Structure formats: C-alpha cells, structure tokens
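Reading through the structure tokens given below for one structure.
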Amino acid sequence: MDVLIHLLVGLHIIGIASLLGGFLTQMKAMGEGRARYTPAMLHGALTMLVTGVALVGLNEADGNTVNNIKIGVKLALLVVILGLVYVKRDEESIDKGLFGLVGGLTTANVFIAVLWT
30 MDVLIHLLVG
40 LHIIGIASLL
50 GGFLTQMKAM
60 GEGRARYTPA
70 MLHGALTMLV
80 TGVALVGLNE
90 ADGNTVNNIK
100 IGVKLALLVV
110 ILGLVYVKRD
120 EESIDKGLFG
130 LVGGLTTANV
140 FIAVLWT
C-alpha cells in the first residue's frame, strides 16, 4: 500500500508542476494581455483532483488519519481552479485577474499542503 501511496504522491506533484508550470510560462504573455490557459494546465488540475481523491481514500483505508478540514479547503481551491481553467480553456486571451487568480490559488494550495499540519 505504501508503494501505491508514494506513486500517487509523485503523480500529484506532476499535476501541480503541470498546472503551475503552465501558469509560469504564460507570465510574459499575461503582462502583454494575451495569456491563455493551456491544455497542460487543465490536465494538471485534473491529475491533481484524481490523485488527491485517491490519496485520501488510500490513506483512510490504510488507517492513517486525514485532516478533513485541510483536504476540504484544498479541494475547494482546486474546484475553483479547475472550473476557471475548464470554462475559459478555448478563449484566445484571459483577463489578467482571472489568470493571476489561478496562479495564486495554485500557489496557495501548495503552501496549504506543506505548511498546514
């Protein structure tokens, strides 16, 4: 079970990297007003969702305690991120505020995972 959990943690980190990397590569375009949500950002958010839910389930099944409030906050942020990226994925350019919101929420999600004990 531990190997599967560690494998899912790795995939979860790859999802975060895809979402945040997609945001960071669009920073210059955001300054010019032509940033857009890339497919990598959508796939990263979906990967985070699937692996995160699986990690919670496997940790519960393995007898580990899970902070449900922390997981709920992270899930709420991810649902907002996923909703924004999914709805606006076909637009040629995204408003700077909405684009920055996805980057900020993703960064907040990372810090919640690391700092909230």
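Numbering (the working numbering), first residue to last: 30 to 146.
Where a beta carbon is used, it is the ideal one built from N, C-alpha and C, also for glycine.
Please read all numbers here as calculations on a predicted model, not as lab measurements.
query = Taking contact to mean at least 3 C-beta pairs separated by less than 8 Å, is the segment 83-95 in contact with the segment 130-137?
reply = Of all C-beta pairs linking the segment 83-95 to the segment 130-137, fewer than three are shorter than 8 Å, placing the two stretches out of contact.
Report task. Closer than 6 Å by C-beta to Ile34: which residues in its own chain qualify, once you throw out the five before and the five after it? Chain order, please. Result -> Answer for Ile34: Leu87, listed in chain order.
Practice prompt. Tell me, to the nearest whole angstrom, how far the beta carbon of Leu130 is from that of Leu111; I am working on the premise that it is less than 8 Å.
Written response: At roughly 13 Å, the Cβ-Cβ gap does not stay under 8 Å, so Leu130 and Leu111 are not in contact.
Ala64 versus Gly50: straight-line alpha-carbon distance, rounded:
Approximately 13 Å between the Cα atoms of the pair.
Secondary structure at Val95, three-state DSSP: helix, strand or coil?
In the three-state scheme derived from DSSP, where H, G and I count as helix and E and B as strand, Val95 is classed as coil.
Quiz prompt | Where Gly62 falls: helix, strand or coil (DSSP) | solution = Correct three-state label for Gly62: coil.
message = Given this structure, state the Cα-to-Cα distance separating Tyr66 from Val109, to the nearest angstrom.
response = Their Cα atoms are separated by approximately 14 Å.
Taking a contact to mean a Cβ-Cβ separation below 7 Å, would you say Thr76 touches Gly39 in this structure? Taking 7 Å as the Cβ cut-off, Thr76 and Gly39 do not qualify as a contacting pair.
Rounded separation between Lys125 and Ala58 - CA only: Whole-angstrom Cα-Cα distance: 10 Å.
One question on the structure: do Ile42 and Lys103 come within less than 7 Å of each other, judged by their Cβ atoms? If you check the CB distance, Ile42 and Lys103 do not come in under 7 Å.
Checklist line | Other residues of its chain near Leu127: CB distance less than 8 Å, five sequence neighbours each side excluded | finding: Closer than 8 Å at Cβ, skipping near neighbours: Leu113, Lys117.
Let's test the definition: count the other Cβ atoms within 10 Å of the Cβ of Ile123 and tell me whether it reaches 16, buried, or not, exposed. With a threshold of 16 other beta carbon atoms within 10 Å, Ile123 meets it and is buried.
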